[in-house]
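Read the structure below first, then the notes.
2 protein chains.
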Amino acid sequence: PPTEPSAHDYLSRMGPVCHEKSVCLPEETQTNINLMDVFNFVDLLPAKNGEEPTMQFLLEIVEILTNYVRKTFDRSTKVLDFHHPHQLLEGMEGFNLELSDQPESLEQILVDCRDTLKYGVRTGHPRFFNQLSTGLDIVGLAGEWLTSTANTNMFTYEIAPVFVLMEQLTLKKMREIIGWPDGEGDGIFSPGGAISNMYSVMIARYKFFPEVKTKGMTAAPRLVLFTSEHSHYSIKKASAALGFGTENLILLNTDKRGRVIPADLEAKVIEAKQKGYVPMFVNATAGTTVYGAFDPINEIADICEKYNMWLHVDGAWGGGLLMSRKHRHKLNGVERANSVTWNPHKMMGVPLQCSAVLVRERGLLTGCNSMCAGYLFQPDKQYDITYDTGDKAIQCGRHVDIFKFWLMWKAKGTVGFEQHIDKCLDLSAYLYDKIKNREGFEMVFDGEHTNVCFWYTPPSLRSLPDGDERRERLHKVAPKIKAMMMESGTTMVGYQPQGNKVNFFRMVISNPAATRSDIDFLIEEIERLGHDL
Amino acid sequence: PPTEPSAHDYLSRMGPVCHEKSVCLPEETQTNINLMDVFNFVDLLPAKNGEEPTMQFLLEIVEILTNYVRKTFDRSTKVLDFHHPHQLLEGMEGFNLELSDQPESLEQILVDCRDTLKYGVRTGHPRFFNQLSTGLDIVGLAGEWLTSTANTNMFTYEIAPVFVLMEQLTLKKMREIIGWPDGEGDGIFSPGGAISNMYSVMIARYKFFPEVKTKGMTAAPRLVLFTSEHSHYSIKKASAALGFGTENLILLNTDKRGRVIPADLEAKVIEAKQKGYVPMFVNATAGTTVYGAFDPINEIADICEKYNMWLHVDGAWGGGLLMSRKHRHKLNGVERANSVTWNPHKMMGVPLQCSAVLVRERGLLTGCNSMCAGYLFQPDKQYDITYDTGDKAIQCGRHVDIFKFWLMWKAKGTVGFEQHIDKCLDLSAYLYDKIKNREGFEMVFDGEHTNVCFWYTPPSLRSLPDGDERRERLHKVAPKIKAMMMESGTTMVGYQPQGNKVNFFRMVISNPAATRSDIDFLIEEIERLGHDL
């Protein structure tokens with residue numbers, strides 16, 4: 184047997200319970216077994232006699248995690264402790280990211296876990312506004328812990344009976360909320376909104392040109408897709424990946440609020456047809472990434488019906504508003520869509536990842552993706568195999584994303600999600616009102632979602648006349664403030680340019696922990712950091 | 184304020200700490216706040232005064248989960264408690280899967296969690312052999328719990344600094360193990376082997392015909408892909424999705440062990456060229472799904488070089504053998520591949536999901552997928568933005584799959600993975616030797632991986648002469664035994680037909696908990712259940 188790592192190392196990793204070799208031997212000790220196998224085996228598994236140290240290890244992990252959760256919600260802690268890549272790579276106070284051939288002790292593993300959290304970003308912190316997905320719902324977190332403990336796969340009812348049914352019932356509920364009669368249709372949870380959007384393009388193509396599945400894109404005429412110039416870049420990624428080509432994705436003009444102008448869609452459809460191309464797919468966004476704009480779905484649906492095009496609604500960000508009686512009108516017409524992307528992991532505060540694509544017509548998802556793998560989807564199983572979902576997916580194995588969402592829905596009820604949505608929109612109204620007339624702030628638009636976009640102009644720039652110099656200098660303000668924010672670790676908010684607009688802040692509110700005082704803090708922090716720029 | 188659910192309901196959910204309204208109010212109570220908001224808020228978050236009940240809830244969840252882990256490894260418990268879909272949908276002993284508008288109590292949430300586990304499948308049970316992914320590594324599980332608590336997204340260094348670096352270092356280590364000089368190249372963790380394989384086809388297309396990204400598949404000649412008739416169906420799914428068409432995926436003949444016959448590849452390449460098509464991509468499988476066959480990579484690589492084709496190695500299942508000095512020769516030539524799929528969540532026992540695609544040439548992954556979204560990948564950030572990985576992906580948001588793997592690697596060292604792999608292969612050799620001459624058992628082939636495929640013939644069929652009747656009856660044996668196995672819940676193993684071979688059992692060993700006694704149990708269970716068929 185190899186001499187390193189020594190059996191002693193393994194022993195010392197496992198604590199006192201394992202010091203007696205005979206105690207640690209698993210049931211099979213017949214042949215060819217060496218000490219390393221035995222102790223490694225004990226390390227891996229709570230075998231009968233190794234149970235206690237293993238459980239002790241898990242409980243120490245839980246201690247680390249619950250401390251982290253407590254601190255995450257404590258406003259006196261930082262959102263992050265920023266370090267540059269080279270600093271972390273060089274090893275912060277003994278935190279060594281490199282992998283080695285020899286095992287570490289379990290004590291060191293616990294230290295690694297603490298360090299991993301220490302140098303990370305607290306996305307659940309009440310002052311973390313950097314992404315569309317923020318917050319840390321405790322029931323959702325419990326759901327994720329259970330999911331990883333169950334460690335199974337969504338592809339068959341056989342090995343995920345409960346989760347498969349939960350997914351089916353939840354998707355039906357979502358379709359009812361969209362407004363499809365009796366919640367009929369189909370759908371699947373996918374690894375994020377980009378993949379959900381990709382599904383929609385694939386299914387649309389299968390609906391109109393099913394022969395592409397077998398013969399490829401050359402079997403179809405030149406197909407054209409349409410989406411807003413403000414839409415998410417995943418539509419462009421799908422056009423490239425699926426073989427349409429990004430040039431065949433036509434970008435639509437928007438109004439001041441970032442909403443698609445329906446007349447522009449119709450004009451571009453007609454233009455494409457005149458060139459002999461086939462307009463096939465329109466994506467209407469419900470809640471654009473930067474502006475939070477809602478495209479006018481009904482007017483777009485009219486055009487889609489007139490020209491026989493597939494209507495997809497990308498509600499990755501705005502779909503959550505369907506849960507609110509007060510705000511769901513912003514998605515009026517969504518029931519006319521052929522497919523909808525809706526990410527509970529964004530506006531509804533479900534932990535990452537949780538994204539659904541919903542399809543109005545049953546059968547398309549399977550027709551499009553089915554390859555009938557014999558080793559997984561045996562037709563001669565003893566149960567009703569229509570519950571096996573794997574052949575609908577472009578994936579084979581599929582992570583269980585449903586449980587945390589289902590559990591949160593149980594815990595909150597539909598009304599709980601509604602309250603959360605309404606509260607976030609109230610907070611964004613509060614922010615808008617707070618800064619629309621505040622000195623040094625300028626709004627980019629008057630929006631409909633929790634996106635509030637604004638420029639902060641430091642005193643030194645305020646007297647400059649409009650023009651290139653002012654624009655160039657203003658363009659540098661947001662990145663500078665953001666960098667200082669991250670260095671000081673007090674709060675985080677996104678920024679970007681858009682079209683001909685120089686860098687501005689994009690505030691988004693989806694964090695259930697956020698209150699008005701956090702909004703106040705953010706604004707004062709921007710003023711504090713930016714005052715002398 | 185709405186009257187239902189009453190504030191009292193919310194109060195009663197939260198236990199004694201919350202009975203005093205004033206205690207529960209979060210810091211912001213200024214305006215427009217109603218009781219529902221307050222108590223729902225407390226439910227969601229461990230705000231200062233709601234901290235204790237929330238922590239209590241999390242600890243009760245942990246109690247449920249650790250009990251589940253204990254039982255999972257206890258051979259006296261069942262692998263599953265099988266029920267048909269309609270039974271679970273009707274509600275088992277009060278386990279109600281339906282979602283409702285009103286919230287449930289946290290006590291009921293705990294009951295739901297227990298029921299979810301009760302009616303699920305214990306994929307970590309030492310007698311669960313049903314899938315390529317089995318087992319429950321405790322360090323990996325701890326890693327998943329931490330990952331969900333950190334609840335962040337891989338797309339930028341900004342919000343996942345530690346995880347992004349861990350991914351980078353781990354991918355480099357994997358490339359070193361593949362054998363690429365200095366571990367150079369690129370790669371990404373994706374949501375499963377099917378998506379990793381899809382990446383490989385996309386990248387190959389981008390390498391040879393970059394204009395497809397902008398102009399679509401019609402800009403390229405007719406492209407042809409090659410893969411084994413035994414390869415995973417994800418290659419076919421990719422051909423359909425990416426616009427090649429499944430007819431342009433040519434299936435290659437295999438030998439008795441299920442390995443691609445290189446001469447057949449060359450003949451089919453020549454045939455395709457004669458038709459004017461362009462052979463572009465060859466997938467060689469390292470560890471096929473059913474047979475566990477390793478295609479001869481070196482001979483295939485010779486042909487790929489000769490005809491200028493991309494060589495992908497799908498090592499989703501067999502990639503783990505690269506960690507074993509004893510078994511890695513089965514992948515000889517893998518260093519000549521242009522890309523490799525390797526799923527640590529299969530043979531290496533990492534919790535689901537954990538799949539990597541590795542690419543030899545740097546720059547292709549970004550070139551192929553980059554769309555430069557301004558709101559996420561700002562060029563004017565304060566840190567080195569080459570660490571932002573999001574624009575390499577077809578996803579936007581991307582789940583953190585790296586941490587559990589990194590943590591397991593730390594805990595085991597490379598040697599720990601090697602021991603695990605060697606042990607699994609030893610166990611499969613034990614199984615093979617055990618049944619190759621056993622009455623009633625017939626081997627399908629003599630394999631190289633942990634896949635052991637065999638027929639069990641009940642006594643009543645043994646005297647039947649070879650022929651259609653025997654074949655038809657034998658075809659029904661495995662499904663019947665499997666059904667009885669699931670009803671009794673004692674063990675689980677897969678079965679399927681393959682080509683002209685009727686249903687046979689496919690035993691696979693990746694579960695670190697499995698021992699020889701579990702193998703013995705499986706065989707005796709098959710005999711017990713199948714004896715009177």
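Keeping their order, the protein sequence lines are chains A and B.
Residue numbers for the first sequence follow our numbering, beginning at 184 and rising by one.
Residue numbers for the second sequence follow our numbering, beginning at 184 and rising by one.
Even glycine gets a Cβ: it sits at the ideal position worked out from N, Cα and C.
The structure presented is a predicted model; accordingly, all values stated were derived computationally and were not measured.
Can you grab the Cα-Cα spacing for the pair Ala469 (chain A) / Asn481 (chain A), in whole Å? Whole-angstrom Cα-Cα distance: 12 Å.
Own chain partners of Met381 (chain B) with C-beta closer than 6 Å, once the 5 adjacent residues on each side are dropped: Excluding sequence neighbours, Met381 (chain B) sits near Ala421.
Keeping to the same chain, check which residues put their C-beta closer than 7 Å to that of Tyr570 (chain A); ignore five residues upstream and five downstream. Closer than 7 Å at the Cβ level, and outside the excluded window around Tyr570 (chain A), lie Tyr340, Val347.
So Glu327 (chain A) packs on Lys587 (chain A), CB below 8 Å; how close in whole Å? 5 Å
Strand pairing of Tyr678 (chain A), partner residues [DSSP]: A:Phe688
Mind reading off the beta-carbon distance from Phe477 (chain B) to Glu631 (chain B)? Whole number of angstroms is fine, and I expect it under 8 Å. Rounded, the Cβ-Cβ distance is 6 Å, consistent with contact.
Does the CB of Ser195 (chain A) have a neighbour CB from chain B at under 7 Å? Confidence at Ser195 (chain A) is low in this model, with a pLDDT of 34, below 50, so its placement is unreliable and the value that follows should be read with caution. No, Ser195 (chain A) does not count as interfacial toward chain B.
Using a Cβ-Cβ distance cut-off of 7 Å, determine whether Thr335 (chain A) contacts chain B. yes
Pick out the complete alpha helix (DSSP H) segments inside the segment 508 to 564 of chain A, 4 residues or longer, and give them in chain order. 547 to 552
Distance cutoff 7 Å, beta carbons only. Does Glu469 (chain B) sit that close to anything in chain A? Note on identity: in this sequence residue 469 (chain B) is Ala, with Glu being the wrong assignment. Judged by the 7 Å Cβ criterion, Ala469 (chain B) is not in contact with chain A.
Three CB pairs or more closer than 8 Å across the segment 414 to 428 of chain B and the segment 446 to 455 of chain B: With the rule of 3 Cβ pairs closer than 8 Å, the segment 414 to 428 of chain B does not count as touching the segment 446 to 455 of chain B.
Please report the residue range of the alpha helix (DSSP H) in which Ser700 (chain A) lies. It spans 699 to 713 - the alpha helix (DSSP H) in which Ser700 (chain A) sits, taken as one unbroken run.
My assumption, with CB atoms under 8 Å, is that Ser411 (chain A) sits in contact with Thr471 (chain A). Please give the rounded CB distance. 7 Å
Leu425 (chain B) CB to nearest chain A CB: under 7 Å? yes
So is His714 (chain B) buried or exposed if we call it buried at 16+ other beta carbons inside 10 Å? exposed
Just to confirm, is the Cβ distance from Val635 (chain B) to Phe687 (chain B) under 7 Å? In this structure, Val635 (chain B) sits away from Phe687 (chain B), with a CB-CB distance that is not shorter than 7 Å.
Would you say Lys663 (chain B) and Leu590 (chain B) are within 7 Å of each other, going by their C-beta atoms? no
Only counting runs of 4 or more residues, tell me where the alpha helix (DSSP H) segments fall wholly within the segment 399 to 452 of chain B, in order along the chain. 417 to 424
Here's a check: name, in chain order, each residue in its chain whose Cβ is nearer than 7 Å to the Cβ of Val717 (chain A), leaving out the five neighbours to either side. A query on residue 717 (chain A) cannot be resolved here, the shown segment of chain A reaching from 184 to 716 and no further.
Check whether chain A comes within 7 Å of Leu608 (chain B), counting only Cβ atoms and requiring the distance to be less than that. no
Helix, strand or coil for Asn466 (chain B) per DSSP? strand
What first and last residue would you give for the alpha helix (DSSP H) that runs through Trp589 (chain B)? 585 to 618
Beta-carbon proximity list for Ile360 (chain B), same chain, < 6 Å, skipping 5 on both sides: Excluding residues within five positions, the ones whose Cβ falls inside 6 Å are Leu505.
Grouping DSSP H, G and I as helix and E and B as strand, with all else coil, what is Glu281 (chain B)? coil
For Met337 (chain B), the three-state DSSP class (helix, strand or coil): It is coil, neither helix nor strand.
Using the three-state DSSP reduction, which class does Leu228 (chain B) fall into: helix, strand or coil? Its pLDDT being 46, under 50, Leu228 (chain B) is placed unreliably by the model, and nothing is read from it.
Under the DSSP definition of a beta bridge, which residues are partnered with Val262 (chain B)? The partner list for Val262 (chain B) (beta bridge, DSSP) is empty, contrary to what the question assumes.
Rounded distance between the beta-carbons of Pro309 (chain B) and Ala696 (chain B), thought under 8 Å: 4 Å
Would you call the segment 554 to 567 of chain B and the segment 282 to 296 of chain A in contact, with 3 or more CB pairs under 8 Å? no
Give me the chain A residues within the contact set of Thr429 (chain B), using Cβ-Cβ distance strictly less than 9 Å, ordered along the chain. Lys396, Thr397, Lys398, Gly399, Met554
Where Val245 (chain A) falls: helix, strand or coil (DSSP): helix
Chain-order list of residues whose beta-carbon lies under 7 Å from that of Lys509 (chain B) (same chain, five-residue window excluded): The beta carbon of Lys509 (chain B) is closer than 7 Å to those of Asp605 in its chain, skipping five residues each way along the sequence.
Determine the DSSP secondary structure at Tyr639 (chain B), reduced to helix, strand or coil. strand
List the residues of chain D that Lys489 (chain A) touches, going by C-beta distances under 9 Å, in chain order. Among the protein chains of the structure shown, namely A and B, there is no chain D.
How would you call His269 (chain B), buried or exposed, if buried means at least 16 neighbouring beta carbons within 10 angstroms? exposed
When we look at the beta-carbon of Ala230 (chain B) and count the other beta-carbons within 10 Å, is it buried (16 or more) or exposed? With a pLDDT of 36 at Ala230 (chain B), under the threshold of 50, the predicted position of this residue should be treated as unreliable, though the coordinate-derived value follows. Buried, because 16 or more other Cβ atoms sit within 10 Å of the Cβ of Ala230 (chain B).
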